[in-house]
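Protein chains: 2
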Amino acid sequence: MPFNVAVVGVTGAVGQEFLSILEQRSFPAESYRFLASSRSAGKQMEFAGRQYTIEELTEKSFAGVEVALFSAGGSVSKKFAPLAAQAGCTVVDNSSAFRMDADVPLVIPEINPDDIYRHHGIIANPNCSTIIGIVPVWPLHQANPVRRMVVSTYQAVSGAGWQAMEELKRQVREVLDGNDPDCRVFQHPCAFNVFSHDSKVAPDGYNVEETKMIHETHKIFHNNSIAITCTCIRVPVLRAHSESINLEFTEPMEEERVVDLLLQAPGVRLIDDRDNNYFPMPLDASGQDDILVGRIRQDESLPGKRGINLWVCGDQLRKGAALNAVQIAEYLVK
Amino acid sequence: MPFNVAVVGVTGAVGQEFLSILEQRSFPAESYRFLASSRSAGKQMEFAGRQYTIEELTEKSFAGVEVALFSAGGSVSKKFAPLAAQAGCTVVDNSSAFRMDADVPLVIPEINPDDIYRHHGIIANPNCSTIIGIVPVWPLHQANPVRRMVVSTYQAVSGAGWQAMEELKRQVREVLDGNDPDCRVFQHPCAFNVFSHDSKVAPDGYNVEETKMIHETHKIFHNNSIAITCTCIRVPVLRAHSESINLEFTEPMEEERVVDLLLQAPGVRLIDDRDNNYFPMPLDASGQDDILVGRIRQDESLPGKRGINLWVCGDQLRKGAALNAVQIAEYLVK
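If you read the protein sequences in the order shown, they are chains A and B.
First residue of the first sequence? That's 9 in this note's numbering, and the numbers climb one at a time after it.
First residue of the second sequence? That's 9 in this note's numbering, and the numbers climb one at a time after it.
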């Protein structure tokens, strides 16, 4: 059976990562169609040794396409994903447009792969911080239910696109040259600075990134009772997110058991070398498929050994976005 | 009564900040003696419009000196602070050498100024992350005792001295120029990266920075029952630390009450503009005396409104080190 694949938003940071991952994993597609806005349409590009012309995304783009990977922002997804689904295409959407819709599965293949088959034409890819944080938490939660999570993120600028990555590099030079950093993508300087996440802040003080992490985790885990609080922060890192995660379990949870569970967990790699002070770092996570986990420690601030601290890093553009979507698509074509 | 003041470690990052703060605050000294290692001895320096010669630190440096500000590392403090105290000098020591000694007060003037007068010649200045984190927590704890704190830090490189600040600037250029970052001060690259704090990691997995925050908070608060857990991380920021602080209170604690208490708190400035997504940032905190506090939010993951999230930033070299020590010295000369 032939699978014709469309990539929507191919010129973006996640779109470019789709290409690299589809090629690396030899995704079994019969044909590819690369779609973008009219600005990029007509441009030539190479993929897997072949030349392609970027086509403009239109209502008719999905005729004969079985699987579409979308990463072109929420408004593009809202308009075109339902049209693609109507045309018989299955959409894996990286935007937040449909994530909390009851009839749209929200999937991390290491956690809830069966949800993929409940789709009605659209499957949502979770937020990058959600994916990176909860892939290592899931195997622990299955062994001993997590009661409460306190998460603080250290998020790369890539979540705001390649322009944000260019902004960080440009601003760093501006500051070193003695000039003020020119803020175009972000409201605040990102060079040599840290700031609260650039998503909208609700009246309760939580930004959208934080709210996503809470609600998406509940949906993916099929469990609304886990108490979660988050503080989402941008750091001057290019493309991998880090998270400090404090977990409260229902029953006692020994540090050694956490290590054992994570050594067997899919999509996770332990880096926890106390003697050499070597733990996960975003530079090491960049370009990697696995979520790196370390600094696994008993949290003695909770009684009865029910607390564990973790430190995780994951590539925001890969497992946090493109890789997770391609993994979902691999289930679709299996 | 004349106060003769010695500054030990005057060429270091904190030493230089001592000079700036003593001058800005018109510290009421009769005379100054600026001390450093033999490498720097004999060099000329300017302070408050006068020329001084840096003197070599020796056992005889403290004759006739009433107050000495030490920031030359733990081993220098261990050797020379007791000698200074024997010579009748009162030492305010920025190293960790004496902080946990039972007969050495550990002081943040906004919190436990009375402890200053219990000294026996040496007063310890707390760790920078401890100071920056707990100055805003103290007024809340007085109103409603804190049961548990979960802290994740975003620490500037300045905590490792001015060489570390130079390393960050140099590495950023190296990376932008396409070269590998040359690691001299830190074991891991600091440019465009984040890593677990560079202090020694104990067999329980906690690094010394984390352990300091726990034990020093207990000592300063005169309360060993507050449960504290920390994850200490370095970020590519030059000189101000940030901390994400999750607090569990004994009684319900409304967000509005936290705001009211912090508006009146000494040494604290609120920046909490949700509409404009403007919150504390290390760039804004740099060079400032106050700890900036914002992102004050009810943490609904704890029942009964007993949870609060805070985000704080403070200048690591000023309130995190030199300013706090000079404030202590001001009490001594009052």
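Cβ atoms here follow ideal geometry from the backbone N, Cα and C, with glycine treated the same way.
| Asked | Found |
| --- | --- |
| For Asn332 of chain A, three-class secondary structure by DSSP | helix |
| Cα-Cα separation between Arg181 of chain A and Phe194 of chain A, rounded to whole angstroms | 16 Å |
| Below-9 Å beta-carbon distance, Val73 of chain A vs any chain B residue | no |
| Sequence-distant residues of the same chain with beta carbon closer than 7 Å to Gly167 of chain A, five excluded per side | Cys136 and Gln324 |
| Proximity winner among A:Ser252, A:Thr19 and A:Phe106, relative to Thr239 of chain A (alpha-carbon distances) | A:Ser252 |
| Buried versus exposed, by CB contacts within 10 Å (16 or more), Ala210 of chain A | exposed |
| Best match in A:Ile336, A:Gly295, A:His205 and A:Asn231 for proximity to Lys154 of chain A [C-alpha to C-alpha] | This sequence places Val at residue 154 of chain A; Lys is not what is there. Of the listed residues, the one whose Cα sits closest to Val154 of chain A is A:Asn231. |
| For Leu184 of chain A and Arg178 of chain A, the rounded distance between their alpha carbons | 10 Å |
| Contact between the segment 88-102 of chain A and the segment 52-62 of chain A (3+ Cβ pairs under 8 Å) | no |
| Arg303 of chain B - containing alpha helix (DSSP H), residue span | That residue, Arg303 of chain B, is in no alpha helix (DSSP H); its beta strand (DSSP E) goes Ile299 to Gln306. |
| Chain B contact residues for Asp206 of chain A, given Cβ-Cβ distances below 8 Å | Asn285 |
| Gly322 of chain A (DSSP reduced to helix, strand or coil) | strand |
| Cβ of Thr219 of chain B within 9 Å of any chain A Cβ | no |
| Same chain, Cβ closer than 8 Å to Ala199 of chain B, neighbours up to 5 away in sequence not counted | Leu176, Gln179, Val180, Glu182, Val183, Pro189 and Pro244 |
| Reduced DSSP secondary structure (H/G/I, E/B, other) of Asp185 of chain A | coil |
| Burial state of Gln335 of chain A (16 or more Cβ within 10 Å) | buried |
| Contact check, Asp280 of chain B vs Gly302 of chain B, beta carbons under 9 Å | yes |
| Chain B contact for Pro290 of chain A (CB, 9 Å cutoff) | yes |
| Range covered by the alpha helix (DSSP H) that runs through Thr225 of chain B | Val216 to Phe229 |
| Per-residue contacts from Tyr214 of chain A into chain B (C-beta, under 7 Å) | Arg305 |
| Candidates A:Pro10, A:Gln32, A:Ser45 and A:Phe11: closest to Val18 of chain A by CA position | A:Ser45 |
| Residues, ordered as in the chain, of the segment 233-247 of chain A that lie near chain B by beta-carbon distance below 8 Å | Ala235, Ile236, Thr237, Thr239, Ile241, Val243, Pro244, Val245 and Leu246 |
| Any beta strand (DSSP E) of 3 or more consecutive residues that is wholly inside the segment 228-280 of chain A | 235-239, 248-257 and 276-278 |
| beta-carbon Phe257 of chain A near the ligand PLP non-hydrogen atom, thresh 8 Å | With respect to the ligand PLP, the structure offers nothing, as it holds no ligand at all. |
| Inter-residue Cα distance where the pair is Lys213 of chain A and Val15 of chain B | It should be pointed out that residue 213 of chain A corresponds to Gly in this sequence rather than to Lys. Whole-angstrom Cα-Cα distance: 44 Å. |
| Cutoff 6 Å; reference Pro147 of chain A; Cβ partners in own chain excluding five residues on either side | Leu269 and Ala273 |
| Short Cβ contact (9 Å threshold) for Ile304 of chain B with Phe257 of chain B | no |
| Distance, Met157 of chain B Cα to Arg326 of chain A Cα | 33 Å |
| Interface residues of chain A facing Tyr162 of chain B [CB-CB closer than 9 Å] | Ser160, Tyr162, Val202, Ile241 and Val243 |
| C-beta neighbour in chain B for Ser104 of chain A, strict 9 Å | no |
| First through last residue of the beta strand (DSSP E) which encompasses Ile130 of chain B | Ile130 to Ala132 |
| Among A:Ala248, A:Ile139, A:Gly169 and A:Gln94, nearest to His226 of chain A - alpha-carbon criterion | A:Ile139 |
| Euclidean distance between Cα positions of Gly275 of chain B and Glu118 of chain B | 7 Å |
| Test item: CB-CB of His205 of chain B and Ile236 of chain B under 9 Å | no |
| Length of the line joining the Cα atoms of His249 of chain A and Gln163 of chain A | 4 Å |
| Limits of the unbroken alpha helix (DSSP H) element including Gln24 of chain A | Ala21 to Gln32 |
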